[in-house]
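*Asks:* Below you will find the structure I want to go over with you.
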Amino acid sequence: MTAQAPETDLQIPEPIHRPDLQTPIQRGAFAVLSLLGWLAWLYLFVPLLTVLAWAFGVHRFDRYVLGSVGVSAFTLSVYAVIIVAAGLTLVLWAIYNLLRFRGKDRRSPPPTVSEAALASAVGLEITRLRRLRRARVAWVRCDDLGRIAQIEAGPPVDRAGAEATRDSS
Amino acid sequence: MWPDLPRLASLHASDVLLGFTFYYPLFMAWVWIVGGLWFYLRHERPAAGGPARPPPLDEAPPCSILIPCFNEEENLEDTVAYALRTRYPEFEVVAVDDGSSDATGPMLDRLARTHSRLRVIHLTENQGKAVALRVGAAAARHDYLVCIDGDAMLHPHAVRWMMEHLVHGSRVGAVTGNPRIHNRSSLLGKVQVGEFSSIIGLIKRAQRTYGRIFTVSGVIAAFSRAALQRVGYWNDDMATEDVDVSWRLQMDHWDIRYEPKALCYIYMPETLPGLWRQRLRWARGGVEVLLRYGRDLLSWRARRFWGVALEHLASVTWSYAMLIVVVLFLLGLVVPLPPEWRIPTLLPTWAGVLLGMTCLIQFLVSLWLDRIYEASGFLRNFFWVIWYPLLYWVLSMLTVVVAVPGTLLARRRTRARWAHVDRGIHAENPEAK
Chain A
1 MTAQAPETDL
11 QIPEPIHRPD
21 LQTPIQRGAF
31 AVLSLLGWLA
41 WLYLFVPLLT
51 VLAWAFGVHR
61 FDRYVLGSVG
71 VSAFTLSVYA
81 VIIVAAGLTL
91 VLWAIYNLLR
101 FRGKDRRSPP
111 PTVSEAALAS
121 AVGLEITRLR
131 RLRRARVAWV
141 RCDDLGRIAQ
151 IEAGPPVDRA
161 GAEATRDSS
Chain B
170 MWPDLPRLAS
180 LHASDVLLGF
190 TFYYPLFMAW
200 VWIVGGLWFY
210 LRHERPAAGG
220 PARPPPLDEA
230 PPCSILIPCF
240 NEEENLEDTV
250 AYALRTRYPE
260 FEVVAVDDGS
270 SDATGPMLDR
280 LARTHSRLRV
290 IHLTENQGKA
300 VALRVGAAAA
310 RHDYLVCIDG
320 DAMLHPHAVR
330 WMMEHLVHGS
340 RVGAVTGNPR
350 IHNRSSLLGK
360 VQVGEFSSII
370 GLIKRAQRTY
380 GRIFTVSGVI
390 AAFSRAALQR
400 VGYWNDDMAT
410 EDVDVSWRLQ
420 MDHWDIRYEP
430 KALCYIYMPE
440 TLPGLWRQRL
450 RWARGGVEVL
460 LRYGRDLLSW
470 RARRFWGVAL
480 EHLASVTWSY
490 AMLIVVVLFL
500 LGLVVPLPPE
510 WRIPTLLPTW
520 AGVLLGMTCL
530 IQFLVSLWLD
540 RIYEASGFLR
550 NFFWVIWYPL
560 LYWVLSMLTV
570 VVAVPGTLLA
580 RRRTRARWAH
590 VDRGIHAENP
600 EAK
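Those protein sequence lines, which keep their order, are chains A and B. The numbers in the first sequence follow our numbering, run straight up by one, and end at 169. The numbers in the second sequence follow our numbering, run straight up by one, and end at 602.
Structure below.
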């Protein structure tokens with residue numbers, strides 16, 4: 001309750017709202033009690049709900065629900081089998097992978113990417129790449145294909161205050 | 170109890186259609202629940218302590234935090250401040266201003282003058298996120314790249330949690346973190362809290378249990394430069410560069426890990442048009458990877474990725490099946506249809522009870538798994554998340570239905586540019602008042 005003080009600046013005590021000071025059990029019990037209260041209240045409105053349902057043609061629940069118990073039991077058991085089978089397959093697959101690959105990393109750590117390899121990947125000469133990588137602030141213009149076309153590098157990281165160097169292709 | 174053949178033979182096409190429409194989400198929900206719980210038991214529970222208590226470092230190679238940004242003057246100062254507060258021995262922050270037209274550029278220059286770890290690259294013209302990331306990766310001086318969005322606020326230990334995977338797994342090409350929603354004023358915001366806190370996290374956990382994931386979160390992902398170098402960095406002609414790079418890395422046999430303890434706080438759309446634009450872009454990205462890599466996926470060498478790709482294909486098919494069901498139901502109200510194509514009723518039956526229960530159990534499990542990452546208590550999120558299934562099903566159906574023809578008809582590869590992004594309602598936004 002952090003409402004701002006009104007313009008007239010009246011001194012009014014703020015309500016205390018600190019539900020976190022209750023024990024979790026106390027909080028949970030009060031929440032359940034309120035929920036039961038709402039359910040009891042809603043129960044009083046069941047006749048109204050029924051009339052509304054009739055008005056919208058929902059009076060055949062017996063056919064769809066009670067009349068189809070056999071079919072529903074059959075379908076639900078098929079679903080249950082599918083759900084258990086799918087879940088079990090995933091867990092068995094995870095266990096298989098765990099057993100197969102545990103502690104057996106055959107791949108050696110990837111080699112560090114050299115500056116030359118990076119330069120060729122981004123289409124730059126190595127000196128220009130170095131200038132870009134050393135710059136504290138740089139301006140880069142790209143061509144229509146999104147490749148670096150021009151670099152204007154500010155002072156390098158290790159030489160603050162140096163003049164901006166221009167480099168273009 | 171078991172299906173008898175005459176019964177199966179009497180199935181109509183509409184039965185198959187309806188069955189797929191209603192029970193594909195049902196079965197996937199259970200697969201996600203089981204996979205998510207397995208991930209939790211294997212990876213999250215054994216590690217004592219939450220995101221604020223990372224394990225001790227035995228090896229800490231330096232890393233670069235890349236922040237591509239376009240017109241981010243509103244949030245960028247926070248983003249940079251949080252990135253600089255990262256608790257990691259040696260790192261630099263490389264902000265790439267992608268030709269912003271607002272005060273982003275001068276703001277970065279000012280910040281760079283006071284923070285020695287911050288470096289700034291200005292692109293003279295707007296190039297799109299993928300190009301900004303590529304230039305940032307070229308400028309970055311270290312071999313591990315943590316990429317975050319220009320409005321994302323990193324948890325001080327997020328980098329450390331992600332580096333743990335990159336340093337200790339030689340197959341690990343990328344790690345995706347756990348984005349938490351920062352703005353949650355409206356019902357849309359609250360529903361997305363449930364979605365991100367739970368559903369997306371649950372799916373990522375389940376996909377890790379399977380071994381491959383659909384995508385890293387573009388908003389927080391760490392990469393090994395060696396892996397990016399092999400696949401050629403980010404493509405600039407895909408609607409979602411994160412989905413694209415995730416597919417290429419995994420098809421090149423790199424592992425992508427999910428680290429739920431690597432947190433970052435993000436802004437999400439809080440208006441329906443904003444949400445629609447974002448999800449349409451996601452749907453387009455999903456269709457594009459299927460079209461571009463579908464053929465390569467047929468190779469035996471790509472077999473470990475089949476599960477994720479098939480599930481994705483099924484979800485695209487599902488959108489169209491759902492559309493047909495809705496059209497048939499509406500058509501049946503005005504025109505007499507042949508009995509095998511009639512959708513008789515939308516009254517809930519026992520199957521409806523099962524679907525509803527499954528949904529509630531999925532929320533309960535996923536919000537419970539996520540409880541240590543949320544301060545607000547998981548039952549509060551459980552209350553608000555109730556509209557999520559409807560929102561999600563309707564939105565994902567409509568976006569996919571629109572995205573497929575849109576992607577197929579797009580004649581040639583064009584550069585993906587920054588989309589206008591809705592970052593929720595703010596007090597200083599006059600429209601929100």
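All C-beta atoms, glycine included, are put in the ideal place defined by N, C-alpha and C. Treat the numbers as computed from the prediction; the structure is a model and nothing was measured.
Using a Cβ cut-off of 7 angstroms (strictly closer), state whether Q606 (chain B) contacts chain A.
*Replies:* Look at the range of chain B in this structure, 170 to 602, and you will see that residue 606 (chain B) is not part of it.
*Asks:* At least one CB of chain B closer than 7 angstroms to the CB of G146 (chain A): is that the case?
*Replies:* Output row for G146 (chain A): interface = yes.
*Asks:* Return the chain-ordered list of same chain residues with a C-beta closer than 7 angstroms to the C-beta of W139 (chain A), the five sequence neighbours on each side being excluded.
*Replies:* E152.
*Asks:* Taking 7 angstroms as the CB-CB cut-off, is S339 (chain B) touching chain A?
*Replies:* Chain A contact via Cβ: present.
*Asks:* In this structure, how does DSSP classify R288 (chain B) when only helix, strand and coil are distinguished?
*Replies:* Strand.
*Asks:* With 7 angstroms as the threshold, decide whether the Cβ of I290 (chain B) is near any Cβ in chain A.
*Replies:* Output row for I290 (chain B): interface = yes.
*Asks:* Give the single residue among B:R472, B:L497, B:L578 and B:A281 whose Cα lies nearest to the Cα of M420 (chain B).
*Replies:* M420 (chain B) has its Cα closest to that of B:R472, out of B:R472, B:L497, B:L578 and B:A281.
*Asks:* Ignore the nearest five residues each way along the sequence and tell me which others in S108 (chain A)'s own chain have a CB closer than 8 angstroms to its CB.
*Replies:* Excluding residues within five positions, none has a Cβ falling inside 8 angstroms.
*Asks:* Kindly say whether G37 (chain A), judged by its beta-carbon, lies nearer than 7 angstroms to any beta-carbon of chain B.
*Replies:* With 7 angstroms as the cut-off, G37 (chain A) does not count as an interface residue toward chain B.
*Asks:* How about A321 (chain B) and V263 (chain B): do their beta carbons lie closer than 7 angstroms?
*Replies:* Against a cut-off of 7 angstroms, the Cβ pair of V263 (chain B) and A321 (chain B) comes out as no contact.
*Asks:* Between W199 (chain B) and G87 (chain A), how many whole angstroms is the CB-CB distance? I'm expecting something under 8 angstroms.
*Replies:* That belief holds up - the Cβ atoms of W199 (chain B) and G87 (chain A) are roughly 6 angstroms apart, short of 8 angstroms.
*Asks:* Given 8 angstroms as the limit, is there contact between the segment 552-561 of chain B and the segment 363-371 of chain B, that is, 3 or more CB pairs closer than that?
*Replies:* Segments in contact, yes.
*Asks:* Name the chain B residues that come within less than 7 angstroms of I83 (chain A), Cβ to Cβ?
*Replies:* Under the 7 angstroms cutoff, chain B gives F196 and W199.
*Asks:* Taking Cβ positions only, does W41 (chain A) come closer than 7 angstroms to chain B?
*Replies:* Not an interface residue.
*Asks:* Using the C-alpha atoms, what's the distance from R446 (chain B) back to V573 (chain B)?
*Replies:* Cα to Cα, the separation comes out at about 15 angstroms.
*Asks:* Closest Cβ-Cβ distance between A281 (chain B) and chain A: below 7 angstroms?
*Replies:* True, the Cβ-Cβ gap to chain A drops below 7 angstroms.
*Asks:* Taking Cβ positions only, does T112 (chain A) come closer than 7 angstroms to chain B?
*Replies:* Closer than 7 angstroms: yes.
*Asks:* Between the segment 235-254 of chain B and the segment 95-103 of chain A, can you find at least three pairs of beta-carbon atoms closer than 8 angstroms?
*Replies:* The answer is no - the segment 235-254 of chain B does not touch the segment 95-103 of chain A, with fewer than three Cβ pairs under 8 angstroms.
*Asks:* In terms of alpha-carbon separation, which member of B:R349, B:S183, B:G274 and B:D266 lies closest to L432 (chain B)?
*Replies:* For the residues B:R349, B:S183, B:G274 and B:D266, the minimum Cα distance to L432 (chain B) belongs to B:R349.
*Asks:* Using CA atoms only, rank isn't needed, just tell me which of B:D318, B:V289 and B:F260 is closest to V328 (chain B).
*Replies:* Checked all of B:D318, B:V289 and B:F260; the closest Cα to V328 (chain B) is B:F260.
*Asks:* From this set, B:C528, B:M437 and B:P429, which residue's C-alpha is nearest H324 (chain B)'s C-alpha?
*Replies:* Cα-wise, what sits closest to H324 (chain B) is B:P429.
*Asks:* Could you confirm whether any beta carbon from chain A is found closer than 7 angstroms to the beta carbon of W207 (chain B)?
*Replies:* It does; some Cβ of chain A falls within 7 angstroms.
*Asks:* Beta-carbon of T378 (chain B) versus every beta-carbon of chain A: anything under 7 angstroms?
*Replies:* Yes, T378 (chain B) lies at the interface with chain A (some Cβ there is under 7 angstroms from its Cβ).
*Asks:* On the three-pair Cβ rule with 8 angstroms, is the segment 268-279 of chain B touching the segment 369-382 of chain B?
*Replies:* Counting Cβ pairs under 8 angstroms, fewer than three are found: no touch.
*Asks:* Between the alpha carbons of G380 (chain B) and L48 (chain A), how many angstroms are there, rounded?
*Replies:* About 53 angstroms.
*Asks:* Please go through the same chain and pick out, in chain order, the residues whose beta-carbon is closer than 7 angstroms to the beta-carbon of K359 (chain B), but skip the five residues on each side of it.
*Replies:* Excluding residues within five positions, the ones whose Cβ falls inside 7 angstroms are R353 and W553.
*Asks:* Between the Cα of W201 (chain B) and the Cα atoms of B:G370, B:V249 and B:R464, which residue gives the shortest distance?
*Replies:* The shortest Cα separation from W201 (chain B) among B:G370, B:V249 and B:R464 belongs to B:G370.
*Asks:* Where do the ends of the alpha helix (DSSP H) carrying R464 (chain B) lie?
*Replies:* Residues L441 to L466.
*Asks:* Mind listing which residues of the segment 308-333 of chain B have their C-beta closer than 9 angstroms to chain A's C-betas, in chain order?
*Replies:* Those residues of the segment 308-333 of chain B that come within reach of chain A (Cβ to Cβ, closer than 9 angstroms) are A308, A309, R310 and D312.
*Asks:* On a CA-only basis, which of A:E125, A:A117, A:L132 and A:A116 is nearest H291 (chain B)? Give me that one, please.
*Replies:* Considering only alpha carbons, the answer is A:L132.
*Asks:* Suppose contacts are defined by Cβ-Cβ distances below 7 angstroms. Is G319 (chain B) in contact with E241 (chain B) by that definition?
*Replies:* A contact, by the Cβ cut-off of 7 angstroms.
*Asks:* Which residues in the same chain as H181 (chain B) place their Cβ atom closer than 7 angstroms to its Cβ, once the five residues preceding and following it in sequence are excluded?
*Replies:* Hits under 7 angstroms: E509.
*Asks:* Please state the DSSP three-state secondary structure of N550 (chain B).
*Replies:* It is helical.
*Asks:* Of all the CB atoms in chain B, is at least one closer than 7 angstroms to the CB of S72 (chain A)?
*Replies:* Closer than 7 angstroms: yes.
*Asks:* Give the range of the alpha helix (DSSP H) segment to which Q419 (chain B) is assigned.
*Replies:* It spans E410 to M420 - the alpha helix (DSSP H) in which Q419 (chain B) sits, taken as one unbroken run.
*Asks:* Please name the residue, chosen from B:A490, B:D411, B:L467 and B:N295, that lies closest to D143 (chain A) on a Cα-to-Cα basis.
*Replies:* That would be B:N295, whose Cα lies nearest to the Cα of D143 (chain A).
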